[in-house]
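This report concerns only the one structure given below.
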Amino acid sequence: MWYNWTNGANSARSACGFGFGGGMFGMGVFWLIIIGIIIFLIFKDRNKENNQAQSILKERFAKGELTEEEFQVKSKYLK
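Start counting the sequence shown at 1; every next residue gets the next number (UniProt numbering).
What follows is the structure, encoded as structure tokens:
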């Protein structure tokens with residue numbers, strides 16, 4: 001079986017990137033996905049904090065603690 005795996009017909013597959021080279025490509029794709037997930041989670045948390053701050057601002061405006069001008073200035077700052 002080892003001989004069939006290493007003979008000339010199968011070695012062409014390895015040279016085209018489907019053998020050992022495919023593993024290197026797959027590992028690269030794996031790490032890109034992991035890095036993408038980490039970046040997504042970081043930005044997701046930032047957006048959540050901004051939404052929470054915006055809701056507190058709206059609540060304070062509704063209670064009358066802020067004037068309309070203060071609300072607009074602070075809303076622009078959060079965006």
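For glycine and all other residues, C-beta sits at the position ideal for the given N, C-alpha and C.
CB contact below 8 Å: residue i versus chain B
i	result
ALA53	Absent here is chain B; the protein component of the structure consists of one chain.
Nonlocal neighbours in the same chain, by C-beta distance under 7 Å from residue i, ignoring five residues either side
i	result
PHE61	PHE71
Spatial distance of residue i from residue j (CA atoms)
i	j	result
LEU57	LYS76	11 Å
LYS79	ASP45	15 Å
ILE37	GLY23	21 Å
GLY26	LYS63	56 Å
LYS74	ILE39	27 Å
ALA53	PHE43	15 Å
PHE30	LEU41	17 Å
residue 81	ASN51	Given that the chain is displayed from residue 1 to residue 79, the structure contains no residue 81 and the question cannot be resolved.
SER55	GLU69	17 Å
Neighbourhood of residue i by C-beta, 8 Å cutoff - its chain only, sequence neighbours within 5 removed
i	result
LEU66	LEU57, ARG60 and LYS74
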